[in-house]
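Chemist:
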Amino acid sequence: MSEQHLILLALCIPVIATALSAIFQKNINLREVCTLVSSVCLIFVVSTLLEKVLKGEQPQLQLMEFLPGLAIHFKIEPLGMLFACIASFLWLINSIYSIGYMRGNKEKHQTRFYIYFAIAIASTIGIAFSANLITLFIFYEALTLSTYPLVTHKGSEDAMRAGRIYLGVLLSTSICFFLPAIIWTNILAGTTEFTNGGILNNDLGQGVILVLLMLFVYGIGKAALMPMHRWLPAAMVAPTPVSALLHAVAVVKAGVFSIVKIVVYIFSPVLLSDVIEFNILLYLAGITIIVASIVALRSDNLKRRLAYSTISQLSYVILATAILAPISIMGAALHILAHAFGKITLFFAAGSIYTVTKKTTVSELDGIGKAMPWTMGAFAIASLSMIGVPPTAGFLSKWYILQGAFEVESWFAISVIVMSTLLNAGYFLPIIYAAFFKKPVSGNEFTYQEAPWPIVLALTLTALMTILLFLLPDIPLQLVNLLAENIS
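All letters in the sequence shown, in the order written, are residues 1 to 488 by my numbering.
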């Protein structure tokens, strides 16, 4: 099968899954089997493309051209390949988890959930493989629209309010900032293609470059850089598999992925280093990291704490990119990977706790580790990864980011990383300690067992992956090394 057919197949497999879910909606077992089989097929196709990218190839496919130079065009470079691997693998794991969660909580409209989830995965693959800003924008908007029904899945007043915030923030930022930035870029450079070394030049001057950069950064609201972050905690009313999609598999990852890709292939770190005297992006990311970490530290609701942790961790990626050193951008890419597996594990654990106990606050979790050891054991591993403790993937990504900060002597970035690491420990370690070493509050004794086995299997696998990615990081490191070659 040709490279072009493989790219097309990767985009079509999730779409086929939506049709199969609709056809077999009355046979829930068959519907779920179709989802699982589709996700396995996507992993196989993406793995085949991965082999080609690791050999130095960049497969591409052009579908249609609207105007001269403006086309739906796909090209798989190392960063996009890494993102596609994350999305395809976690679609399978999240589907396993969803079977246990949706059934265990007797959620309504399960077929609709699987349909829109698959459309979101197709949009994510489109973002990962985009060869230009036009293609990226189209699939970015498709991801927003396809995840809106998932955010409002419960249909309650709170869910509908959260959906309005979600759609309002993400659509307004993309239409008011992202789209004008794309149009302006095309006017300045005559193209929107992602190109090694960037497509802009220093003749434009610092003012133009800086304004254009800010339009992109705040136009990509999915990156949740403050103050464009409000949609993320609001969306926590959605079922846990949706939270996992938002935080780990697709939505926020699409945001920070897009920023990294635009900095590398539209601006280029070399251009930004030469032209911009005051690195405002570095300071915006650092402030977001610290403020979000403090909010997480003060939050008793578990999912809210995890949501603000996500906002903080996303800005690690932006901070690493803003350092503008090749090794820190490698760290940014690795942190997308590490955060994906760590944060999905944390949300899986939160959903497991809710499924069994209906508890949602940190203060209610004293002693729960003895009743749910697999769930809280996975939570502990993922927490250590978020803090950056070896042997977890989070240590690997933070190590690269710190190396980049030391290389350019960015003492602000180093200070932010150290402070936020302490704050991460401050809002994760007490949960682990209380779960395993405190006695339950009187009248709140746990007599529960673990959640349904698909939930436990999924969270165990993702927790295991956070360790394996530290012990066996060969493929991710090959991809980020190829990315660094494109920068230098």
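C-beta atoms are modelled at their ideal positions from N, C-alpha and C, and glycine is treated no differently.
#1: Quick check on G56: buried or exposed, where buried means 16 or more other Cβ atoms within 10 Å of its Cβ?
#2: Taking C-beta to C-beta, are I182 and F129 nearer than 8 Å?
#3: For L245, I'd like the list of residues in its chain whose CB is within less than 8 Å of its CB, leaving aside the five on either flank, ordered along the chain.
#4: For W453, count neighbouring C-beta atoms within 10 Å of its own C-beta (all shown protein chains included) and say buried if the count is 16 or more, exposed if not.
#5: Please report the straight-line C-alpha distance between N279 and K52, rounded to a whole angstrom.
#6: Is the stretch 226 to 243 touching the stretch 310 to 319, taking contact as three or more C-beta pairs under 8 Å?
#7: If K343 sits next to F83, beta carbons under 8 Å apart, how far is it from one beta carbon to the other, in whole angstroms?
#8: Counting pairs of beta carbons, one from the stretch 184 to 200 and one from the stretch 209 to 222, are three or more of them closer than 8 Å?
#9: Could you name the residues of the same chain whose beta carbon sits closer than 6 Å to that of Q478, not counting the 5 residues immediately before and after it, in chain order?
#10: Just checking my contact of I289 with L319 at CB under 8 Å: how many whole Å lie between their CB atoms?
#11: Can you tell me which of S420, V389, Y433 puts its alpha carbon nearest to the alpha carbon of D366?
#12: Does chain C have any CB closer than 8 Å to the CB of L402?
#13: Using DSSP with H/G/I as helix, E/B as strand and the rest coil, what is L365?
#14: Starting from the Cα of K26, find the closest Cα among Q110, G69, G104 and give me that residue.
#15: Per the contact definition of three or more C-beta pairs closer than 8 Å, is the stretch 406 to 420 in contact with the stretch 345 to 362?
#16: So the alpha helix (DSSP H) L215 belongs to, where does it begin and stop?
#17: Relative to the C-alpha of E3, which candidate in A405, V40, L50 has its C-alpha closest?
#18: The beta strand (DSSP E) spanning M64 covers which residue range?
#19: Quick one: is C34 buried, meaning 16 or more other Cβ sit within 10 Å of its Cβ, or exposed?
#20: Could you check which residue in N481, S156, F194 has the C-alpha nearest to that of I127?
#21: Just to confirm, are L6 and P59 a CB contact at a threshold of 8 Å?
#22: Taking only the alpha-carbon atoms, compute the straight-line gap between G404 and Y283 and give it to the nearest angstrom.
#23: Enumerate in chain order the residues of its own chain whose CB-to-CB distance from Y298 is below 7 Å, with the five nearest sequence positions on each side excluded.
#24: Which runs of the beta strand (DSSP E) fall wholly inside the stretch 34 to 114 and span at least 3 residues, in chain order?
#25: Which same chain residues end up closer than 6 Å to A142 when comparing Cβ atoms and leaving out the 5 residues on each side of it in sequence?
#26: Near I467, which residues of its chain fall below 7 Å by C-beta distance, leaving aside the five closest residues on each side in sequence?
#27: Since Y308 contacts A292 with CB under 8 Å, what's their CB separation in whole angstroms?
#28: So, at 7 Å on beta carbons, what are the nonlocal neighbours of T48 in its own chain, with the 5 sequence-adjacent residues on each side left out?
Modeler: Let me lay it out:
#1: exposed
#2: no
#3: N94, F117, A120, T147, L150, V251
#4: exposed
#5: 36 Å
#6: yes
#7: Between F83 and K343 the Cβ distance is about 15 Å, and since that is not below 8 Å, they are no contact.
#8: Yes, since at least three Cβ pairs between the stretch 184 to 200 and the stretch 209 to 222 fall closer than 8 Å, the two stretches touch.
#9: L54
#10: I289 to L319, Cβ: 7 Å. Contact.
#11: Looking only at S420, V389, Y433, the smallest Cα-Cα distance to D366 is reached by Y433.
#12: The structure shown contains no chain C, having only a single protein chain.
#13: coil
#14: Q110
#15: no
#16: 206 to 219
#17: Of the listed residues, the one whose Cα sits closest to E3 is L50.
#18: Run containing M64: 60 to 67, per the beta strand (DSSP E) assignment.
#19: buried
#20: Minimum Cα-Cα distance from I127 among the listed residues N481, S156, F194 corresponds to F194.
#21: yes
#22: 16 Å
#23: Strictly speaking, residue 298 in this sequence is Arg, with Tyr absent from that position. Taken in chain order, the list of residues that qualify is empty.
#24: 60 to 67, 70 to 75
#25: S123
#26: Only I381, P391, T392 meet the Cβ criterion.
#27: Correct: roughly 5 Å between the Cβ atoms.
#28: L6
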